[in-house]
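Here the structure is laid out as structure tokens; the discussion comes afterwards.
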Amino acid sequence: MLESPLNIGYIYHFVFFTGLSFDICEGALYYVLRGYPREIAIDRLITPILSPHHFQGDYMQQVWSFLAGALLCNCVPHLASGLQGFPFPTPFAKPGGVGDSSPVVNVVWGFANLAVGVLIAARHTNMADIGVDALAGLVGALAIGTFMALHFGKVQRDKRVR
464 MLESPLNIGY IYHFVFFTGL SFDICEGALY YVLRGYPREI AIDRLITPIL
514 SPHHFQGDYM QQVWSFLAGA LLCNCVPHLA SGLQGFPFPT PFAKPGGVGD
564 SSPVVNVVWG FANLAVGVLI AARHTNMADI GVDALAGLVG ALAIGTFMAL
614 HFGKVQRDKR VR
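Each residue of the sequence shown is one higher than the one before, counting from 464 in the working numbering.
This is the structure we're talking about:
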């Protein structure tokens with residue numbers, strides 16, 4: 464006996480709202496289409512989630528991609544300012560993140576961000592699931608980029624007021 468499309472939709476909605484990988488969803492759908500009761504299909508869906516490796520493998524990989532995106536985005540203004548010979552705030556300035564650092568400090572800090580971001584991306588990015596990881600990296604870049612634009616825009620406005 465096949466389940467109704469509503470039950471199949473229930474499984475797909477459950478998968479969508481919990482962010483589960485498509486292969487787990489596909490496995491549950493397989494059991495529903497083969498006539499197994501919905502409880503068995505959902506059990507097949509839930510069991511891999513309860514495994515400690517599920518969260519470590521999928522979500523931590525996206526956290527690492529987010530961090531790599533943030534570091535790679537952060538390297539851009541430091542390298543650009545340093546290579547142009549302009550001072551720019553770094554964590555090493557007095558006060559940190561507000562005062563200007565020399566162009567050399569910016570190049571070194573930008574290169575450190577670039578190197579660590581590339582190493583994290585190379586180590587923790589699964590090329591088979593690059594779509595989700597790339598999205599996580601882009602969200603990380605957008606988050607840190609927005610923060611940097613707001614923070615350093617305020618710093619520059621405060622400097623003009625003085």
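Note that CB positions come from ideal geometry on N, CA and C, so glycine has one too.
Annotated as proximal: A584 and G600, with beta-carbon spacing under 8 Å. Approximately 6 Å separates the beta-carbon atoms of F555 and V568; this is inside 8 Å, confirming the contact.
In the three-state reduction of the DSSP assignment, P550 falls in the coil class.
Contact between L535 and A604 holds: their C-beta atoms lie close to 6 Å from each other, under 8 Å.
Excluding the 5 residues flanking it on each side, V579 has same chain C-beta neighbours closer than 7 Å at L534, in chain order.
Non-local beta-carbon contacts of W572 in its own chain, meaning distances under 6 Å to residues more than five positions away in sequence, involve H541 and T553 in chain order. Under the DSSP assignment, F574 falls in the alpha helix (DSSP H) whose first and last residues are P566 to H587.
Nearest to S544 by C-alpha distance, out of V561, G532, S565 and G560, is S565. With a beta-carbon spacing of about 6 Å, V570 and L546 fall inside the 8 Å limit used to define contacts. Taking a C-beta distance under 8 Å as the contact criterion, V618 and V561 qualify as a contact pair. Of the candidates A606, M523, R586 and D563, D563 places its Cα closest to the Cα of K622. The beta carbon of N537 sits closer than 6 Å to those of N576 and I607, all from its chain and outside the five residues before and after it, given in chain order.
Within the model, the alpha-carbon separation for A612 versus R586 is close to 29 Å.
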